[in-house]
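Undergrad: Residue numbers (the numbering used here): 317 to 537.
By construction, the Cβ of each residue, glycine as well, lies at the ideal position given by its N, Cα and C atoms.
These figures come from a predicted structure and were not determined experimentally.
Sharing a structure here in structure tokens format.
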Amino acid sequence: MGKTIAQIPKQDRPREKLLTKGTSALTDQELLAVLLGKGTAGTDVMTLAAKLARVMDEKGLNVKGDDLTQLQGIGQAKASLLLAAIEFARRRIKPEGLKIESPADVLPLLRHYADRKQEHFLCASVNGANEVMNVRVVSIGLIDRSPAHPREVFADPLTDRACAIILAHNHPTGTLQPSEADIATTRRLREAGELMGITVLDHLIFNRNNHFSFLENGIVF
317 MGKTIAQIPK QDRPREKLLT KGTSALTDQE LLAVLLGKGT AGTDVMTLAA
367 KLARVMDEKG LNVKGDDLTQ LQGIGQAKAS LLLAAIEFAR RRIKPEGLKI
417 ESPADVLPLL RHYADRKQEH FLCASVNGAN EVMNVRVVSI GLIDRSPAHP
467 REVFADPLTD RACAIILAHN HPTGTLQPSE ADIATTRRLR EAGELMGITV
517 LDHLIFNRNN HFSFLENGIV F
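And the structure:
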């Protein structure tokens, strides 16, 4: 269980940390805690931010007001603030249109998942001009694995009319070395992509500071 705001030294609390170290030093949970401002009588702001982060992982930028207000501690006012912040960011910083020269160029759009305590399996849709169309969370798993079935992986890229995809997942354990399951999953998804006419460009394993590329290391590709 994470620390409550009262258990965190004042200089390390989200708002103070943001002012002294900058936004990039904060985890997603801490950024959401800053937006929320405070918790409720029964729920600490850090606990509420952690629950909100899980909703955001699932819904992404398509999150709705009802998705937010279902969380105890988030009413119409906080939901409106969050939705406004999301829309403001969406209008200025979009994954759509980011042109990539190599699969690793997509990492800036993924790196904020590095701090997650569970493995997040991600899929980036890419068009024929090598532009990123969208990035989505396909599944969230345990600390050491996240199931990724071809049906779930390719559902959205097919809707996007993507020509290719880039697979990626974080390793909460910190290691970047692919497991046998990672290799088998990558091979299975690459074969499925060939059948559907969607090229799997690479599979990236990443942490906060580094990454492993299946393509660059000649594994499966």
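Which ranges does the alpha helix (DSSP H) cover as unbroken runs of at least 4 residues, wholly within the segment 478-514, from first to last along the chain?
TA: With a minimum length of 4 residues, the continuous alpha helix (DSSP H) runs that stay inside the segment 478-514 are 496-512.
Undergrad: For Lys506, count neighbouring C-beta atoms within 10 Å of its own C-beta (all shown protein chains included) and say buried if the count is 16 or more, exposed if not.
TA: Reading off the sequence, residue 506 comes out as Arg, not Lys. The residue in question, Arg506, is buried, as its Cβ has 16 or more Cβ neighbours within 10 Å.
Undergrad: In chain order, what are the residue ranges of uninterrupted alpha helix (DSSP H) at least 4 long that sit wholly in the segment 336-360?
TA: Taking only runs of at least 4 residues, the alpha helix (DSSP H) segments lying wholly in the segment 336-360 are 344-352.
Undergrad: Between the C-alpha atoms of Gly353 and Asn486, what's the straight-line distance to the nearest angstrom?
TA: Going by the C-alpha atoms only, they are around 28 Å apart.
Undergrad: Looking only at its chain, what residues have a beta carbon closer than 7 Å to the beta carbon of Ala430, apart from the 5 residues adjacent to it on each side?
TA: Hits under 7 Å: Asn486, Phe522, Asn523 and Arg524.
Undergrad: Specify the secondary structure class of Ala430 as computed by DSSP and reduced to three states.
TA: Coil, per DSSP.
Undergrad: Going by C-alpha to C-alpha distance, which of His519, Asn450 and Leu397 sits closest to His348?
TA: For the record, residue 348 in the displayed sequence is Leu; it is not His. Looking at the Cα atoms, Leu397 is the closest of the given residues.
Undergrad: With burial defined as no fewer than 16 other Cβ atoms inside 10 Å of the residue's Cβ, what is the status of Lys415: buried or exposed?
TA: Exposed, since its Cβ has fewer than 16 Cβ neighbours within 10 Å.
Undergrad: Name, in chain order, the residues that DSSP records as bridge partners for Phe528.
TA: Its beta-bridge partners are Ile521.
Undergrad: Rounded to whole angstroms, what is the Cα-Cα separation between Arg331 and Ala508?
TA: Near 46 Å, if we compare the C-alpha coordinates of Ala508 and Arg331.
Undergrad: So, helix, strand or coil for Arg452, using DSSP?
TA: Three-state DSSP puts Arg452 in a strand.
Undergrad: Given Pro325, which residues of its chain have a CB within under 8 Å of its CB, disregarding the five upstream and five downstream residues?
TA: Contacts found: none.
Undergrad: Return the Cβ separation of His519 and Thr502 in integer angstroms, given the expectation that the two are a contact with Cβ distance under 8 Å.
TA: About 5 Å separates the two Cβ atoms, so the contact holds.
Undergrad: When burial is assigned at 16 or more other CB atoms within 10 Å of the CB, is Asn450 buried or exposed?
TA: Its Cβ being crowded by 16 or more others within 10 Å, Asn450 is buried.
Undergrad: For Val516, write down the residues that DSSP places opposite it in a beta bridge.
TA: Ile481, per the DSSP bridge assignment.
Undergrad: Based on the DSSP secondary-structure assignment, which residues constitute the bridge partners of Gln437?
TA: One point to set straight first is that residue 437 is Phe, not Gln, in the sequence displayed. Phe437 pairs with Ser455 and His485.
Undergrad: Secondary structure at Glu403, three-state DSSP: helix, strand or coil?
TA: Of the three classes helix, strand and coil, the one that applies to Glu403 here is helix, per DSSP.
Undergrad: Buried or exposed: where does Arg406 fall if 16 or more other Cβ atoms within 10 Å of its Cβ makes it buried?
TA: It counts as exposed.
Undergrad: So, does the segment 432-441 touch the segment 472-487, judging by three or more C-beta pairs under 8 Å?
TA: Yes, the segment 432-441 is in contact with the segment 472-487.
Undergrad: Between the Cα of Pro466 and those of Thr359, Arg504 and Arg432, spot the shortest distance and give me the residue it belongs to.
TA: For Pro466, the nearest C-alpha among the options comes from Arg504.
Undergrad: Can you tell which of Ile514, Ala365 and Leu531 has the C-alpha that lies nearest to the C-alpha of Val469?
TA: Here the closest residue by C-alpha is Ile514.
Undergrad: For Thr363, count neighbouring C-beta atoms within 10 Å of its own C-beta (all shown protein chains included) and say buried if the count is 16 or more, exposed if not.
TA: Buried is the call here.
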